[in-house]
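Numbering (the numbering used here) for the sequence shown: 561 to 726. We put the beta carbon where it would ideally sit given N, CA and C, even for glycine.
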Amino acid sequence: MLKPFRTHLTVLQQEGYSISRFLSWWLSHPLTYSLSSKKGLVKTSKTGLITKLSLLYLALINFSLFYSGQLLLLLILDMVLLLAPFPLLFLSLLSLIPYEKINRYLTVERVRSAITSHSKLDVIGITGSYGKTSVKDFLCTILQPYAPTVKTPESYNTVFGIAKVV
561 MLKPFRTHLT VLQQEGYSIS RFLSWWLSHP LTYSLSSKKG LVKTSKTGLI
611 TKLSLLYLAL INFSLFYSGQ LLLLLILDMV LLLAPFPLLF LSLLSLIPYE
661 KINRYLTVER VRSAITSHSK LDVIGITGSY GKTSVKDFLC TILQPYAPTV
711 KTPESYNTVF GIAKVV
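Structural data, given as structure tokens:
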């Protein structure tokens, strides 16, 4: 289970945890067990949670089939899931949606509260299709002599990336 599972989890991560993009990849590569990708799996709390949920679902399925006497079905299903772990990953990813929505809301509210509690704080947002990180770096360098300045590291531009800094 490890090689196909790790391969599929890597693709899921590289597809930005998008269910539709992962499904599209899986339909065209259902029995792919290795990747020629330069970037491998990055171990994050999300990949750990998906792995644990997948193992939990596999254990629940095995437990249910074993105790219902469906041993042949148990054997067949385990073999299928060892070769194609997509259903486990899919189910795990779906299970995370409510948690992620709540976590995102709480994070946004925490950051909003932290920012609005400083009445003299000026927030500068930079938008565009390219050059945002360079402009951010230049602007920070220019403003630092005149006021305390904080910028997000690297190219952090998501809610959670900004929340790490705030």
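Would you mind reading off the limits of the alpha helix (DSSP H) that contains residue i?
i	result
G629	Note, G629: premise wrong, no alpha helix (DSSP H); not H, not E.
K598	No alpha helix (DSSP H) contains K598, which DSSP labels as neither H nor E.
P658	F646 to T676
Alpha carbon to alpha carbon, how far is residue i from residue j?
i	j	result
I686	K680	20 Å
I684	Y577	29 Å
G721	C700	17 Å
L653	R664	16 Å
G691	P705	23 Å
S580	L625	29 Å
P564	L595	10 Å
Going by Cα to Cα distance, which pick from the options is closest to residue i?
i	options	result
T712	R566, I702 and A723	A723
F582	T667, L643 and L649	L649
L618	K598, V640, R672 and K606	V640
P693	E714, P708 and D682	Before going on, a small fix: residue 693 reads as Thr here, not Pro. Cα-wise, what sits closest to T693 is E714.
T709	D697, L642 and E575	D697
W585	L637, G600, A707 and L569	L569
Decide if residue i is buried, meaning its Cβ has at least 16 other Cβ atoms within 10 Å, or exposed.
i	result
T604	exposed
L632	exposed
L572	buried
Consider the C-beta atom of residue i and the heavy atoms of the ligand FAD; say whether any pair is separated by less than 8 Å.
i	result
P708	Ligands in the displayed structure: none, and consequently the ligand FAD is not present.
Would you say the stretch 615-632 touches the stretch 642-660, given that touching needs at least three Cβ pairs under 8 Å?
yes
*asked:* If contact is defined by three or more beta carbon pairs under 8 Å, each pair taking one atom from either stretch, is the stretch 662-679 in contact with the stretch 606-617?
replied: no
Would you call the stretch 655-664 and the stretch 586-601 in contact, with 3 or more CB pairs under 8 Å?
-> no
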